[in-house]
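Number of protein chains: 4
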Amino acid sequence: MLDLHQTRIHDGRELLTRRYDVVRALSETLAAPLSAEDQCVQSMPDASPTKWHLAHTSWFFETVVLRAHMPGYRVFNEHYHYLFNSYYEALGPRQLRAERGLLSRPSLPEVMDYRQHVDASMRDFARAADEDTWSVAAPMILLGLNHEQQHQELLLTDIKHLLSRNALNPAYCAGYPASYSIGTSIQAQDVLSLGWVDCPGGRVELGHEGAGFAFDNETPRHEVLLRPYQLANRCVTNGEYLAFMADGGYRRPEFWLSDGWALSRAQDWRAPLYWQEAQEAGDGIWRNFTLHGLRDIDPLEPVCHLSLYEAAAYAQWAGARLPTEFEWEAASLGVAFDGRFLDAARLHPAAAQPGAGLQQMYGDVWEWTRSSYDPYPGFKPLNGVVGEYNGKFMVGQVVLRGGSCATPEGHIRPSYRNFFPPGARWQFSGLRLARDL
Amino acid sequence: MLDLHQTRIHDGRELLTRRYDVVRALSETLAAPLSAEDQCVQSMPDASPTKWHLAHTSWFFETVVLRAHMPGYRVFNEHYHYLFNSYYEALGPRQLRAERGLLSRPSLPEVMDYRQHVDASMRDFARAADEDTWSVAAPMILLGLNHEQQHQELLLTDIKHLLSRNALNPAYCAGYPASYSIGTSIQAQDVLSLGWVDCPGGRVELGHEGAGFAFDNETPRHEVLLRPYQLANRCVTNGEYLAFMADGGYRRPEFWLSDGWALSRAQDWRAPLYWQEAQEAGDGIWRNFTLHGLRDIDPLEPVCHLSLYEAAAYAQWAGARLPTEFEWEAASLGVAFDGRFLDAARLHPAAAQPGAGLQQMYGDVWEWTRSSYDPYPGFKPLNGVVGEYNGKFMVGQVVLRGGSCATPEGHIRPSYRNFFPPGARWQFSGLRLARDL
Amino acid sequence: MLDLHQTRIHDGRELLTRRYDVVRALSETLAAPLSAEDQCVQSMPDASPTKWHLAHTSWFFETVVLRAHMPGYRVFNEHYHYLFNSYYEALGPRQLRAERGLLSRPSLPEVMDYRQHVDASMRDFARAADEDTWSVAAPMILLGLNHEQQHQELLLTDIKHLLSRNALNPAYCAGYPASYSIGTSIQAQDVLSLGWVDCPGGRVELGHEGAGFAFDNETPRHEVLLRPYQLANRCVTNGEYLAFMADGGYRRPEFWLSDGWALSRAQDWRAPLYWQEAQEAGDGIWRNFTLHGLRDIDPLEPVCHLSLYEAAAYAQWAGARLPTEFEWEAASLGVAFDGRFLDAARLHPAAAQPGAGLQQMYGDVWEWTRSSYDPYPGFKPLNGVVGEYNGKFMVGQVVLRGGSCATPEGHIRPSYRNFFPPGARWQFSGLRLARDL
Amino acid sequence: MLDLHQTRIHDGRELLTRRYDVVRALSETLAAPLSAEDQCVQSMPDASPTKWHLAHTSWFFETVVLRAHMPGYRVFNEHYHYLFNSYYEALGPRQLRAERGLLSRPSLPEVMDYRQHVDASMRDFARAADEDTWSVAAPMILLGLNHEQQHQELLLTDIKHLLSRNALNPAYCAGYPASYSIGTSIQAQDVLSLGWVDCPGGRVELGHEGAGFAFDNETPRHEVLLRPYQLANRCVTNGEYLAFMADGGYRRPEFWLSDGWALSRAQDWRAPLYWQEAQEAGDGIWRNFTLHGLRDIDPLEPVCHLSLYEAAAYAQWAGARLPTEFEWEAASLGVAFDGRFLDAARLHPAAAQPGAGLQQMYGDVWEWTRSSYDPYPGFKPLNGVVGEYNGKFMVGQVVLRGGSCATPEGHIRPSYRNFFPPGARWQFSGLRLARDL
């Protein structure tokens, strides 16, 4: 079990408070390009409005820190407990998930006031709490910060989904760096050809260990046995995926998991989510809706916004398979923890850079694994309300690894387990191939 | 057939232009209490966002007047044709009705700019159009104004629905006149007891006739034969409806139309829409969500936000029936055309005032009739695009008469036919009893 | 109001008993070509299994005659009250309509035993009942017989629907008379060209009157005013309908009611129900699934299995309209009551025969009218349980007139009002054109 | 990969042919108590009619043996390829799964003829095939027999579901042995109290190995690492489950997986599937619908017809957890392969019998594990059409182990992996507790 209380927060209150300020500020920075209207709308039940993310993350601190541990804390608005609880059954009834977009009230300014109220209270608390209280609260603060970072990524993927549904094809970001554009500047030596990296397998210790923060689902650390295998040196690219499409990838059931085939037929999938076929053109001219607006397809970029079903179908077509999450993590142990995350400010996955060994393990796109999201042996959820954080979702979902261009830097680790239902496509999700040795 | 071109617009361009300004301004007045967020959200597929109403009504003028008749008109934004077409098949594909709430873009300021652009162009057009052009365009302008008035009522009923879904129970209107409050100030002599007014029936001429504006569905004028009947002197009140509820009205199928019973069970109806049962109380303590926020039930006010099913069940329980639209219109011919409409600025139906004969025929609440919305004998839709205005909806709906507290004054007539599906509850819809003589 | 007790049953018990035997026997004759399996399956919620029809009609007699009026009647099986009640709320909970096909038990032999038990008891009752009891029960028996006749038509339309969903294209009837086959034997003089018959309109008395049986919904007799109009001399044919299809009838929204257009798009309608496009052929080669199996389209037969939406769209395309039910009934008054009903044993509509005036008013296909199914002025439902027979369905449906090739002879009258939702297609429903004079 | 061709079928054609006869006969024996009607109806999309099972299993032999390997084989009916293909995409379009119950044709006698035709052809084939052909076909025959055995269990669970939906509560089996009845005859010494068995874990080799038949999903054999753990000595009983219910098990979200809680609320679960609450009684008097009809709850029998969600909630409530499939298989290695399967002819799970160590590992009820159904490392599907047998279902499902009272004896093995979605309840599915050491 992850014992949050054992997390050594070496640097004490000041550093945690400074980190609090940085994380909280980033959420507001991400919301800043959006109008109050943009921040209010919910485009599907799985997505939440930006404003709701801003409020919910504040409610989390209010609930698990301020109400729990700060004497005399003044609740900002008693109704918010109903409006901004996400899924904590222990905390009572709440706004239906699919109806978060009905909340034109409270207004965005009121939500920003709420954030300020919580932030000011958190600062007061950090100043005034005695050591015993602090030692109990600090792990909750750390959890709250990691929680808010998760919502930062969701904020971006959710707003991308909303904007994609708008016939105006609006951009979230005004500018798109020239260096992102494709083609002309790419020299042959800059392109990383597909290669395979041998991984020995064997008895490997996986899962989180040590003083740093981790979610409970990454624990306990445990050993697994792996057969020898190979991983591709980089993620599958748009260009490679176009070949799959051209070869009838979306029309040939033999590549597909049964549920995936049914879903792809029911929803008439013909390309990754956010790819739009040019109306004037015939079959095959696609454009890519990005946070920078509608762009040409860059064949060297990693393919993105795939479901597990599409990722697995591609792997089948390619004569390979997806790695398990254990294979992925074992392979990651020999790789520098480095990648293009949210802080790279691209908000779009980029082509792998040349180099030996495994490239692009972190950042750019989450990599679907072929591992269902099951508990690790010996797993125990956290105590109390936050026990609902991970364990109760451990069925019917699939693990992704490695983070994306929308993951806040410092949020993830090699042992980090992201998870979504196999049909989910609106995350920055791609794939890396594996095969048996 | 209604020939819009025959509509005598006695007063010419100036008066029509002045009326244009008044109607257009009212839409903006109605939107003014609402934030950009409030104006963006769609609370159900049947309802539209305020911002969409503001844009769509402008698009209507742009389409049927400016693009059709003004040389050199500069279209504001070509995409708006897709975004703000409501249901005109002849005009091509359009934003799905259920997804109007996704339109965080264009922003509210952009929509207001659109309105100003259209308004300025309309003024230019009124100034510059030659007589031939004007004579063709003027009926379209008149239609557009009546169209916008319809959307003014929808704007209010749609925003009421949105606000009702918010646990904060927010008010659209800040203030609620003291005189609206119930009870103490009502003297016995101010209460209008239920009475019956004899109506002779016979051969009656109904439908629109004459120079004033009317929709095509009110035409042609024609004769019907009616048996003698009685109408109640006022609408059914909340107090009377509470007796129906207390007598098991929502639990006894013998009062209900079959489809209505099924719907009421499926959606667990126990009271009119917008009535909330106090959680702390047992059965029977209800509050009423209004545009002024949550209020006590006023037993003297007309009951409102009923479906046809509930109205018919009440009538059955009361040993009476609903009038046909023909009975209603025939009876209205002897009554002064007067009532509390939107201009009364109450935005809530009020108790009938004492008086002899039929009271409350106009305003306060729309009155469900027992007439399906069928074409009148000899009915012909308008020519051109506006031919889709009414005729294509003439099946599966039921006629309501008389207007409500949200109907713009000057918009309706005795011959006016409103229509909604029998399960619709979010309009200001109530009932008046009838019986055979 | 229809007072069943006033129904003069001139011929007394013997004749009614004889008629009972005839009607009851016909149900079993209709079921005879079907296996126990065929009789058990439910192909959609709107349709019922044959076995259920056989049992339900028996339950009706058991409930409204035997249990109500026969002392010492032994109920066959108490559970059947639950299983075979159709929609009588006053009689308590019942098998869900959509789950009638789950009733593999009771078995078909048990249901046939039930029929025999009820029939024997009915004979005992007819023999033994005193006059007072009989005078009360006889109208219920008469109602029960008409009720069973309605189910005879439904039995055929429901089994046709089931068989149509089977890739084996099985026939209900083994043989199809040679004379039904198209083409060669038809001489020019045998073809009835489309013509128009003038109808004066005016003040017309409509609805049921007199001693014969009628349903409550045909009453009371009352006067209406009609404008002069024309009716087509026969129903629209397959050949004419093919021209509508060839002219883009299913692709051009301008012909369609709004709900109909939406439904036709959602369900991808391209032809009448039961028409199958030959897979090998390109657009336009259709075959017709009939109770005799898959057949070529006969261009002279009346088009059949249309929804109201398709009928209205065809009329719009043809520059005409559908008649109102009042126009239809007024015109029928001058026409001999004669047509090809179930007793013609064709089970398929046949081409109109040459002749002057209105042909084919009865039999062959039900004719959609442009009248919503509303109560007649002064309508009152029957008393007691059978009060649920008609009145509670009077909303959201449309009237059809004239009977079909599946209507038992002797069941209908000129005043007979059939009704179905506008999207229903599985009845033998076609259309006759009308237009204003 | 499972190489069916390597399966040593020591005993050659005769034994396989004899086994073929036995398996095929059992299917017909299981269908024998059912009428043609019973065998025709489909009670939900997940279930299939008995007749369909009988035909589909024949189609399987026809397709993978006779059409593939027997020269001059005469196909019984070309349409059956469409009607009785289950889910093999490679074999073209097919009857929709949810519409298998529409197949009143072919009739049951025709399906029995089909079986006889296939059986006769198979005998001819076994007699006449040359050795090369036989060596290729024999593994397919073996697969077909195992396939048919799977459908035998489904036949029983599907018919149980159908009969359970009938208000007559009909029994599949006429008799219920006296020894099955509860209570009086049970002596204290016959009751197996809950106990825990230590399992050492460690490095364990799992999966199928050797000459016997196995499905591809049980391969390849591979090693896993397990921590030490405990398994309960028997399955959870009805009596224990009633305590969970009495303690609010269905009302307390803290025990539930998130999806399970949502589903249980949406479907108002209050007890295992097939438990009916006595209407006259208050909360807590339950009866159990079985293949022998409605019975009292036997507190000593294993609880059955649980979803994974209920099983996991029970385990959480009990302070334990479900075992992984690896833990289950590792523990099974030391246990005699013995249990009450279909051949015990009880068709209902029975109480565990006293004894030391792990009891009831096989038979009675399938045991939900806490393992998602993922491919084993190195898994490869079969070649050809039968490659669709297992692999394409490996997502979104959960593994069950051990077989049930409806599993044909000889069908399963310790390595056998059954799998169903976590919400499935209509299988004979229960649970055994586990906990960490």
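Protein chains in written order, with our numbering: chain A, 232 to 668; chain B, 232 to 668; chain C, 232 to 668; chain D, 232 to 668.
C-beta: ideal position from N, C-alpha, C; glycine also.
What does residue i reach in chain C if we use C-beta pairs closer than 8 angstroms?
i         : result
Ser-660/B : Correct list: empty, because the minimum Cβ distance to chain C is about 15 angstroms.
His-310/D : Ala-398 and Leu-399
Note the first and the last residue of the continuous beta strand (DSSP E) segment covering residue i.
i         : result
Thr-521/D : 517–521
Phe-651/B : 649–651
Ser-187/C : Outside the shown range of chain C, which is 232 to 668, sits residue 187/C, and nothing can be said about it.
Trp-559/A : Per DSSP, Trp-559/A belongs to no beta strand (DSSP E); it is in the alpha helix (DSSP H), 556–563.
Taking the alpha helix (DSSP H) that residue i belongs to, which residues open and close that run?
i         : result
Asp-429/C : No alpha helix (DSSP H) contains Asp-429/C, which is instead part of the beta strand (DSSP E) from 427–430.
Tyr-540/B : 539–548
Tyr-251/A : 243–262
Gln-381/B : 362–395
Mind listing the chain A neighbours of residue i? Cutoff is C-beta to C-beta under 7 angstroms, in chain order.
i         : result
Ser-395/D : Neighbours of Ser-395/D on chain A: none; closest Cβ ~26 angstroms, over 7 angstroms.
Around the Cβ of residue i, are there at least 16 other Cβ atoms within 10 angstroms (buried) or fewer (exposed)?
i         : result
Asp-269/A : buried
Gln-658/C : buried
Leu-327/B : exposed
Glu-245/D : exposed
Pro-302/A : exposed
Ile-516/B : exposed
Thr-521/D : buried
Arg-577/A : buried
Ser-680/D : No answer is possible for residue 680/D: the residues shown for chain D start at 232 and end at 668.
Pro-276/D : exposed
Phe-650/D : buried
At a CB-CB cut-off below 8 angstroms, which residues of chain D make contact with residue i?
i         : result
Tyr-313/C : Ala-398
Glu-320/A : Pro-484, Glu-485 and Trp-492
Since residue i and residue j are thought to touch, with beta carbons under 8 angstroms apart, how far apart are those beta carbons, to the nearest angstrom?
i         : j         : result
Glu-571/A : Gly-594/A : Correcting the residue identity first, residue 571/A is Arg in this sequence and not Glu. At roughly 4 angstroms, the Cβ-Cβ gap stays under 8 angstroms, so Arg-571/A and Gly-594/A are in contact.
Gln-590/A : Arg-465/A : 5 angstroms
Pro-585/B : Ala-665/B : In fact, because the Cβ distance is near 21 angstroms, the residues do not count as touching under 8 angstroms.
Residue i touches chain D at which residues, Cβ-Cβ below 9 angstroms?
i         : result
Glu-330/C : Ser-274 and Arg-396
Below 9 angstroms on C-beta distance, what does residue i contact in chain C?
i         : result
Ala-497/D : Within 9 angstroms Cβ-Cβ: nothing; Ala-497/D doesn't reach chain C, min ~18 angstroms.
So which residues of chain F does residue i contact, with C-beta pairs closer than 9 angstroms?
i         : result
Phe-624/B : Among the chains of the structure shown, chain F does not appear; the protein chains present are A, B, C and D.
(message) Does the structure place the region 592–608 of chain B close enough to the region 617–635 of chain B that three or more beta carbon pairs sit under 8 angstroms?
(response) yes
(message) Any contact between the region 385–393 of chain C and the region 423–433 of chain C? By contact I mean 3 or more CB pairs, one from each, below 8 angstroms.
(response) no
(message) Counting beta carbon pairs with one atom in the region 637–655 of chain C and one in the region 369–383 of chain C, are three or more of them shorter than 8 angstroms?
(response) yes
(message) Under 8 angstroms, with one C-beta from each stretch per pair, do the region 449–460 of chain D and the region 551–567 of chain D reach the 3-pair mark?
(response) The region 449–460 of chain D vs the region 551–567 of chain D: in contact.
(request) Tell me, please, whether the region 531–549 of chain B touches the region 482–497 of chain B by the rule of three or more beta-carbon pairs shorter than 8 angstroms. (result) Contact between the region 531–549 of chain B and the region 482–497 of chain B is present, because at least three Cβ pairs lie under 8 angstroms.
(message) Is it the case that the region 309–324 of chain C contacts the region 260–267 of chain C, given that we only count it when at least three CB pairs across the two stretches are under 8 angstroms?
(response) no
(message) For the region 345–365 of chain B against the region 245–260 of chain B, do three or more pairs of beta-carbon atoms, one drawn from each stretch, fall closer than 8 angstroms, so that the two count as touching?
(response) yes
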